[in-house]
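Undergrad: Pasting a structure below so you can have a look.
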Ligand SMILES: C[S@@+](CC[C@H](N)C(=O)[O-])C[C@H]1O[C@@H](n2cnc3c(N)ncnc32)[C@H](O)[C@@H]1O
Ligand code: SF4
């Protein structure tokens, strides 16, 4: 406990961990501006290869949510709150199959289990067409009841990630406004119990906490509470969602290239493909799957122009990226991609 208090004071943890927990006050402390700086030309040479297809496709099955979390801007969205039209979903799945994408995260800015009438149909379709798909579900856990748990276990969903943003009812319900702590805890415990009783290993259950000033005093209690139950217990630092939410770790070096735009494609319920998952209000739209293919958008001029800006160290010229505080990986990530994806 004493040790933990020192962590909170930020005196003993390495910057990398404090950054993950959002405990850094500014970019200088984060050390991100001081990374052994590669010159811009050097960066460019690391990021020569543009992948032919996304590694992962994030599908916003619904933009409807039953919560109003204080660190999530989704209730301010301009776009329609709706379940993704069926024809659009099936197009995404069939195209993904054709181009060999088999990794999906079924969320954007909504809660999949609010789509009570639809989520089974959508997940069934996905596995019917791509049986070996690796499917990740981020859920707030509130509607993940016994029936939903048995369904996703039977389907072979790979991972359920549930952020439970407090170790006590009081704190949790301040952060995850509109949700009930006891229901969420019961549902996640039940998911693990049923999975184990059925002798299955999946889904792996990852319980996290988005560390912020309202709950950081409960980080240790949260860790203790879920250790031995969840397969992974991992706290994440809060991001500003490109400058919308106030965070307390300050800016990072925004000119560093961001791996997300080489890695995953985010498709919203209206078909729009946005630059990255932080673009909650679709400010930087790369294309629309209603009238383009996944590959056309992914390899399209607009996406590539944005990647080029990142390569050239000019990410701050993109208004979304200029305000982003997502921790961007170092040169190793790009180095590895260069060799593993060379075409
Ligand atoms: C936008 S939510 C959508 C899925 C689902 N409704 C949920 O809460 O898990 C996706 C993920 O973003 C996380 N999240 C929300 N606001 C965040 C923030 N400001 N910084 C970092 N992660 C955040 C949530 O905890 C969740 O794991
Ligand atoms: S974090 Fe998830 S549960 Fe909370 S409001 Fe956003 S989409 Fe809904």
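In the numbering used here, the protein residues as written are 784 to 1126. Using N, Cα and C, we set each Cβ at its ideal position, and we do this for glycine too.
For residue 867, is the beta carbon positioned less than 8 Å from some heavy atom of ligand 4?
TA: Among the ligands modelled here, namely ligand 1 and ligand 2, ligand 4 does not occur.
Undergrad: Please go through the same chain and pick out, in chain order, the residues whose beta-carbon is closer than 6 Å to the beta-carbon of residue 740, but skip the five residues on each side of it.
TA: Residue 740 lies beyond the stretch modelled for the chain, which goes from 784 to 1126, so this question has no answer here.
Undergrad: Buried or exposed: where does residue 869 fall if 16 or more other Cβ atoms within 10 Å of its Cβ makes it buried?
TA: Along the chain shown, one-based indexing puts residue 869 at 86. Exposed.
Undergrad: Tell me, to the nearest whole angstrom, how far the beta carbon of residue 1014 is from that of residue 987; I am working on the premise that it is less than 8 Å.
TA: If you number the chain shown from 1, residue 1014 lands on position 231. If you number the chain shown from 1, residue 987 lands on position 204. 4 Å between Cβ atoms; contact.
Undergrad: With distances taken from each beta carbon to the nearest heavy atom of ligand 2, which residues come in below 6 Å, in chain order?
TA: Taken from the N-terminal end onward, the list reads 848, 850, 851, 852, 855, 857, 892, 893, 894 and 923.
Undergrad: What are the boundary residues of the alpha helix (DSSP H) that includes residue 1082?
TA: Position 299 of the chain shown holds residue 1082. From DSSP, residue 1082 is part of no alpha helix (DSSP H); its letter is neither H nor E.
Undergrad: Taking the straight line between their C-alpha atoms, what separation do you get for residue 990 and residue 844?
TA: One-based indexing of the chain shown puts residue 990 at position 207. One-based indexing of the chain shown puts residue 844 at position 61. One C-alpha to the other measures close to 21 Å.
Undergrad: Can you tell me whether residue 978 is helix, strand or coil according to DSSP?
TA: Indexing the chain shown from 1 puts residue 978 at position 195. Three-state DSSP puts residue 978 in a helix.
Undergrad: For residue 831 and residue 1084, what's the separation of their Cα atoms in angstroms?
TA: By 1-based counting over the chain shown, the position of residue 831 is 48. By 1-based counting over the chain shown, the position of residue 1084 is 301. Reliability fails at residue 831, whose pLDDT of 44 lies under 50, so the model's placement of it is uncertain and no value is given.
Undergrad: Whose C-alpha, out of 1107, 1041, 966 and 924, is nearest the C-alpha of residue 897?
TA: The sequence position of residue 897 within the chain shown is 114, counting from 1. Of the candidates 1107, 1041, 966 and 924, the one whose C-alpha sits nearest the C-alpha of residue 897 is 924.
Undergrad: Taking 8 Å as the cut-off, is the CB of residue 1018 close to at least one heavy atom of ligand 1?
TA: Start at 1 with the first residue of the chain shown, and residue 1018 comes out as number 235. For ligand 1, not one heavy atom lies less than 8 Å from the Cβ of residue 1018.
Undergrad: According to DSSP, residue 1047 sits in a beta bridge with which residue or residues?
TA: Here residue 1047 refers to the residue found at position 264 when the chain shown is read from its first residue. The partner list for residue 1047 (beta bridge, DSSP) reads 839.
Undergrad: Does DSSP classify residue 1109 as helix, strand or coil?
TA: Counting from 1 along the chain shown, the entry for residue 1109 is found at position 326. Reduced to three states, the DSSP call for residue 1109 is coil.
Undergrad: Can you tell me where the alpha helix (DSSP H) holding residue 1098 begins and where it ends?
TA: Counted from its first residue, the chain shown places residue 1098 at position 315. Unbroken run through residue 1098: none, as it is neither H nor E.
Undergrad: Is it buried or exposed for residue 1094, if we count other Cβ within 10 angstroms and need 16 for buried?
TA: On the chain shown, residue 1094 is found 311 positions in, with the first residue counted as 1. Counting Cβ neighbours within 10 Å, residue 1094 comes out buried, since at least 16 surround it.
Undergrad: Taking buried to mean at least 16 other C-beta atoms within 10 Å of its own C-beta, is residue 914 buried or exposed?
TA: The residue labelled residue 914 in the question sits at position 131 within the chain shown. Flag for residue 914 reads exposed.
Undergrad: Taking the alpha carbon of residue 1049 as the reference point, which residue from 858, 891 and 993 has its own alpha carbon closest?
TA: Position 266 of the chain shown, counting from 1, holds the residue named residue 1049. Taking only the C-alpha atoms, the option nearest residue 1049 is 891.
Undergrad: Taking 8 Å as the cut-off, is the CB of residue 1024 close to at least one heavy atom of ligand 1?
TA: Position 241 of the chain shown, counting from 1, holds the residue named residue 1024. Answer for residue 1024: yes, Cβ within range of ligand 1.
Undergrad: So does residue 944 have its beta carbon nearer than 8 Å to some heavy atom of ligand 1?
TA: The sequence position of residue 944 within the chain shown is 161, counting from 1. Yes, Cβ of residue 944 sits closer than 8 Å to a heavy atom of ligand 1.
Undergrad: If I measure Cβ to Cβ from residue 1017 and keep anything under 6 Å in the same chain, skipping five residues before and after, which residues do I get?
TA: Taking the first residue of the chain shown as 1, we reach residue 1017 at position 234. Counting only Cβ-Cβ distances below 6 Å, and skipping sequence neighbours, we find 991.
Undergrad: Let me check you understand the geometry: is the CB of residue 993 closer than 8 Å to at least one non-hydrogen atom of ligand 1?
TA: The sequence position of residue 993 within the chain shown is 210, counting from 1. It does: the Cβ of residue 993 is within 8 Å (strictly closer) of some heavy atom of ligand 1.
Undergrad: Quick check on residue 1027: does DSSP put it in helix, strand or coil?
TA: For this step, residue 1027 is matched to residue 244 along the chain shown. Correct three-state label for residue 1027: coil.
Undergrad: Can you determine whether any heavy atom of ligand 1 sits closer than 8 Å to the C-beta of residue 941, and answer yes or no?
TA: If you number the chain shown from 1, residue 941 lands on position 158. No, Cβ of residue 941 sits at least 8 Å from all heavy atoms of ligand 1.
Undergrad: Any heavy atom of ligand 1 closer than 8 Å to the beta-carbon of residue 971?
TA: As a working note, residue 971 is residue 188 in the chain shown. Checking every heavy atom of ligand 1 against the Cβ of residue 971, none is found closer than 8 Å.
Undergrad: In this structure, what does DSSP give as the bridge partners for residue 919?
TA: On the chain shown, position 136 is the one that residue 919 refers to. BP columns for residue 919 point to 888 and 942.
Undergrad: Here's the rule: buried if 16 or more other CB atoms are within 10 angstroms of the residue's CB, otherwise exposed. What is residue 1001?
TA: To locate residue 1001, count along the chain shown from 1; it is residue 218. Residue 1001 is buried by the Cβ-count criterion.
Undergrad: Following a CB-centred definition, is residue 860 positioned closer than 8 Å to any heavy atom of ligand 1?
TA: On the chain shown, position 77 is the one that residue 860 refers to. Every heavy atom of ligand 1 is 8 Å or more from the Cβ of residue 860, so no.
Undergrad: Return yes when the Cβ of residue 895 is within less than 9 Å of the Cβ of residue 1078, no when it is not.
TA: Reading the chain shown from its first residue, position 295 is the one you call residue 1078. Reading the chain shown from its first residue, position 112 is the one you call residue 895. Cβ distance not < 9 Å, so residue 1078 and residue 895 don't count as in contact.
Undergrad: Is any heavy atom in ligand 1 found nearer than 8 Å to the beta carbon of residue 948?
TA: Position 165 of the chain shown, counted from the first residue, corresponds to residue 948. Checking every heavy atom of ligand 1 against the Cβ of residue 948, one is found closer than 8 Å.
Undergrad: What number of angstroms, rounded off, separates the C-alpha of residue 912 from the C-alpha of residue 877?
TA: Stepping through the chain shown from its first residue, residue 912 is reached at position 129. Stepping through the chain shown from its first residue, residue 877 is reached at position 94. Whole-angstrom Cα-Cα distance: 7 Å.
Undergrad: Three or more C-beta pairs closer than 8 Å, one from the region 962 to 969 and one from the region 938 to 954: is that the case here?
TA: Contact between the region 962 to 969 and the region 938 to 954 is present, because at least three Cβ pairs lie under 8 Å.
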